[in-house]
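Take a look at the structure below.
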Amino acid sequence: MRTAFYISDGTGITSEVFGHALLSLFPAEFDHITIPFVETKEIALQAKQRINDRYKTTGIRPLIFQTFVDEELRQIINSSDGVCYDFLNAFIEPMQKELGIAAMPKTHRTHSIHEKTYDFRIDAVNYALANDDGVNLKEYAKADIILVGVSRSGKTPTSLYLALQYGIKAANYPFVQEDMDMLRLPDELKKQKAKLFGLTITPERLSKIREQRRPGSKYASLRQCKLELDEVEALYQKEKIPFLNSTHLSIEEISAKILAQTGLKRQKY
């Protein structure tokens, strides 16, 4: 198995994102190792030694995805026995020419705290936690979006991801088994109908997820899952609530599709 190192003098998030995106294009398995905050020559030399040791052990040159702003540290890693891919440096020169100004590299710039957007995200996370699973209907007027759907269709993790990543205040409301005989929108949801966005999933996938939580229960049975999903999707259609099937999507993909469909403003940082 080939080893992929993600190395940076910052958090390593940027090198991971770029590296994972590239490696996902290839039908192979990789051993992923992240080394963040390589901020001194000593730490850089230690990272280089790890790379070289891995090469000696496996006999296969490791892949190195790096995002250094410090030239000396970059050169230390480049002198290792791995194959280096330097994302930042590859684009700096052509971008300088296009913008007509020189780059001013600064460690941690891409993920340092910007007070305004940081506050947006913290407020949004607190809101998502306080308005999870329909426990608090009184603050829905403050929501940017309200996710609805059956239990275990991905509402909570998506709400938290939207909050943490984009500073979006996302509440979520579950349609439970007891609602199915006369399924309708509660009055508080009707008042905020323009903010509603539905999630759905295949009965088979939902049953597997629920089975892990309550094995052998009616709640997890394929029949019950199909009944609930049929009722909820009919409600979406009747009330003209936009919705998305989350079966084969990651939380990141679900969130991105929701933002694309709703046009919600992202509070980037």
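Counting from 1, one number per residue, gives the positions in the sequence shown under full-length UniProt numbering.
For glycine and all other residues, C-beta sits at the position ideal for the given N, C-alpha and C.
Practice task
Mark Asn131 as exposed unless 16 or more other C-beta atoms lie within 10 angstroms of its C-beta, in which case mark it buried.
Solution key: Translated into positions along the sequence shown, residue 131 becomes position 131. By the 10 Å Cβ count, Asn131 comes out buried.
Problem - Residues of its chain near Val176, where Cβ-Cβ distance is below 7 Å and the 5 sequence neighbours each way are ignored - result: The residue labelled residue 176 in the question sits at position 176 within the sequence shown. Answer for Val176: Ser151, listed in chain order.
Practice task
Helix, strand or coil for Tyr166, going by three-state DSSP, please let me know.
Solution key: Taking the sequence shown and counting its residues from 1, the one referred to as residue 166 is at position 166. Here Tyr166 sits in helix by DSSP.
Exercise for the section: Note down the Cα distance separating Pro62 from Ser250, rounded to an integer number of angstroms. Expected result: In the sequence shown, counting from the first residue as 1, residue 62 sits at position 62. In the sequence shown, counting from the first residue as 1, residue 250 sits at position 250. Using only the alpha carbons, I get a separation of about 28 Å.
Practice task
May I have the straight-line CA-CA distance separating Thr14 from Ser153, to the nearest angstrom?
Solution key: Within the sequence shown, numbered from 1, the residue matching residue 14 stands at position 14. Within the sequence shown, numbered from 1, the residue matching residue 153 stands at position 153. Cα to Cα, the separation comes out at about 30 Å.
Practice task
Over the uninterrupted alpha helix (DSSP H) stretch that includes residue 272, give me the two end residues.
Solution key: Lying outside 1 to 269, the shown extent of the chain, residue 272 is not represented and no answer is given.
Practice task
Note down, one range per segment and in chain order, each alpha helix (DSSP H) of at least 4 residues found wholly within the segment 166 to 253.
Solution key: 187 to 191, 203 to 213 and 222 to 239
Problem - Rounded distance between the beta-carbons of Leu199 and Leu147, thought under 8 Å - result: The residue you call residue 147 lines up with position 147 of the sequence shown. The residue you call residue 199 lines up with position 199 of the sequence shown. Indeed, because the Cβ distance is near 6 Å, the residues count as touching under 8 Å.
Practice task
Let me know if Ser24 comes out buried or exposed under the rule of 16 or more other beta-carbons within 10 Å of its beta-carbon.
Solution key: By one-based count along the sequence shown, residue 24 stands at place 24. Ser24 is exposed by the Cβ-count criterion.
Practice task
Using alpha carbons as the reference points, say which of Asn78, Ser221 and Phe197 lies closest to Lys208.
Solution key: The residue you call residue 208 lines up with position 208 of the sequence shown. Per the Cα distances, Ser221.
Handout entry: Glu188 versus Ile122 - alpha carbon distance
Key = Numbered from its first residue, the sequence shown carries residue 188 at position 188. Numbered from its first residue, the sequence shown carries residue 122 at position 122. Each residue's alpha carbon lies about 25 Å from the other.
Problem - Span of the beta strand (DSSP E) around Phe68 - result: In the sequence shown, counting from the first residue as 1, residue 68 sits at position 68. Premise fails: Phe68 is in no beta strand (DSSP E) and is neither H nor E.
Practice task
Could you check the C-alpha separation between Glu16 and Arg2 for me, to the nearest Å?
Solution key: Position 16 of the sequence shown, counting from 1, holds the residue named residue 16. Position 2 of the sequence shown, counting from 1, holds the residue named residue 2. Near 16 Å, if we compare the C-alpha coordinates of Arg2 and Glu16.
Exercise for the section: Starting from Tyr55, trace the alpha helix (DSSP H) both ways and give me its first and last residue. Expected result: In the sequence shown, residue 55 corresponds to position 55, counting from 1. Element bounds for Tyr55: Lys41 to Thr58.
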